[in-house]
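In our numbering, the protein residues as written are 10 to 393. Everything on this sheet refers to the single structure shown next.
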């Protein structure tokens, strides 16, 4: 039975859903690359809260999704921007998420890294307050036994006067970490408040400052996560990293070529798109383990069109499409998001996300996904 899907401009097109899903069995973690999926949180749809109220999380379903990722061999990057940090998920709930997920990781033997930032601060914080906020969150993450990801800070971007302030803040943090961390450079397309990070709006100058922080504390840096959606810049940066420091691509537009790499190296991965692509992504990287780069690209290249759609401008709202696909795939029973962000994308955008994901065979039960998509379309007045 076909569906009528809306397009931008008000037209409707008839779509025949796929009937044969791509089945990927759970498998061991890849060994040739370190691969993290930045995982979304599942809201509690029965909570009586609103966009300005406290975040309400369905803890069991949220943790079940992480078990799904671990079962397929992926690491989980927890409490990152995919989990709506700074977009509905406040620090107290994020801290609880970190504690619960880290405990679950210990139970199942899953790899986990968790975001530490400064989102407990009110606007106008001073540089010492920014440092203290980072220290508070870092203590929570490391207290769970998880690896820390030092996230880019809106508060630091607002107060820093130049590269020297970034060097001072990150230097203090890195001096006290228990184990090597991942440094996260999130571009303004993901969060406009991070424009000019590392002390300059000029990306060449910012790159020099960033590399200066890494070089000064290389023994405390496991890797850097680069989310600038600029493959050439990422390749140039990773070639300049100190020996032993990984580059984790956060580029949801060019990830196949960056992970495959070239004769001078490759990127590992910490990606939001690997939330809906988890099983396929893990299976693809295992092809690299087996010395089959063609097989890797054959599996992963077709997913790029979906990724570019989900992460299209305004990129910061990509989470809406991610959660839609989790609902359609049966990982949760509703399409509700923390802060009401299920309304952040248009119906044509969501319809195209469904069409692309279905075309890739991502839904374990295509009939159930079709039924749920039909329900969403009906609520919006589209009947077929």
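Glycine included, C-beta positions come from ideal geometry on N, C-alpha and C.
(message) Please tell me whether residue 292 and residue 331 are closer than 8 angstroms, where the distance is taken between their beta carbons.
(response) Not in contact: residue 292 and residue 331 (Cβ atoms no closer than 8 angstroms).
(request) Using the Cα positions of residue 64 and residue 28, report the straight-line distance between them to the nearest angstrom. (result) If I take the Cα positions, the gap works out to 37 angstroms.
(request) Measure from the alpha carbon of residue 286 to the alpha carbon of each residue in 365, 276 and 357, then state which is nearest. (result) Nearest of 365, 276 and 357 to residue 286, Cα basis: 365.
(message) Checking 8 angstroms against the spacing of the C-beta atoms, do residue 378 and residue 337 come in under that value?
(response) A contact, by the Cβ cut-off of 8 angstroms.
(message) Please report the straight-line C-alpha distance between residue 264 and residue 189, rounded to a whole angstrom.
(response) Roughly 24 angstroms between the two C-alpha positions.
(message) Using a Cβ-Cβ cutoff of less than 6 angstroms, which residues in the same chain neighbour residue 353 once the five nearest sequence positions on both sides are dropped?
(response) Answer for residue 353: 326 and 329, listed in chain order.
(request) Could you tell me which uninterrupted beta strand (DSSP E) segments, each at least 3 residues in length, are contained entirely in the stretch 129 to 191, listed from first to last along the chain? (result) For the stretch 129 to 191, the full-length beta strand (DSSP E) segments reaching 3 residues or more read 156 to 159 along the chain.
(request) Assign residue 94 to one of three DSSP states: helix, strand, or coil. (result) Residue 94 falls in the strand class under three-state DSSP.
(request) Can you grab the Cα-Cα spacing for the pair residue 398 / residue 20, in whole Å? (result) Within the shown structure, residues of the chain are numbered from 10 to 393, placing residue 398 beyond reach of any answer.
(request) Quick one: grab the DSSP three-state call for residue 358. (result) Residue 358 falls in the helix class under three-state DSSP.
(request) Give a yes or no on contact between the stretch 234 to 245 and the stretch 190 to 208, applying the rule of three or more CB pairs nearer than 8 angstroms. (result) Counting Cβ pairs under 8 angstroms, three or more are found: they touch.
(request) Helix, strand or coil for residue 367, going by three-state DSSP, please let me know. (result) Three-state result, residue 367: helix.
(message) Among 42, 231 and 23, whose alpha-carbon lies nearest the alpha-carbon of residue 296?
(response) Of 42, 231 and 23, the smallest CA-CA separation from residue 296 is found for 42.
(message) Can you list, in chain order, the residues of its chain with a C-beta nearer than 6 angstroms to that of residue 134? Leave out the 5 residues immediately preceding and following it.
(response) Correct list, in chain order: 164.
(message) Rounding to the nearest angstrom, what Cα-Cα distance links residue 316 and residue 305 in this structure?
(response) Within the model, the alpha-carbon separation for residue 316 versus residue 305 is close to 17 angstroms.
(request) Have a look at residue 318 and residue 90 and give me their C-alpha separation to the nearest angstrom. (result) The alpha-carbon atoms of residue 318 and residue 90 are separated by roughly 18 angstroms.
(message) Report the CB separation of residue 92 from residue 78 in whole angstroms; it is logged as a contact under 8 angstroms.
(response) Contact between residue 92 and residue 78 is absent: CB atoms are separated by about 13 angstroms, not below the 8 angstroms threshold.
(request) State the DSSP-derived secondary structure class of residue 329, mapped to helix, strand or coil. (result) The answer is helix: DSSP assigns residue 329 an H, G or I state.
(message) Measuring alpha carbon to alpha carbon, tell me which residue in 374, 71 and 201 is nearest residue 323.
(response) Distances from the CA of residue 323 to each of 374, 71 and 201 were compared; the closest alpha carbon is that of 201.
(request) Would you check whether the ligand GTP has a heavy atom nearer than 7 angstroms to the C-beta of residue 218? (result) Absence of the ligand GTP from the depicted structure is noted, as is the absence of any ligand whatsoever, leaving it without description.
(request) Find out if the Cβ-Cβ distance for the pair residue 76, residue 48 is shorter than 8 angstroms. (result) For residue 76 and residue 48, no; Cβs fall outside 8 angstroms.
(message) Are the CB atoms of residue 367 and residue 320 within a distance shorter than 8 angstroms?
(response) Cβ distance not < 8 angstroms, so residue 320 and residue 367 don't count as in contact.
(request) Return the CA-CA distance between residue 157 and residue 18, expressed in angstroms with no decimal places. (result) Here the alpha carbons of residue 18 and residue 157 stand approximately 45 angstroms from one another.
(request) Check the C-beta distance from residue 169 over to residue 221 and give it rounded, since I have them as a contact under 8 angstroms. (result) Contact annotation, residue 169 with residue 221: C-beta distance approximately 14 angstroms; criterion of less than 8 angstroms not satisfied.
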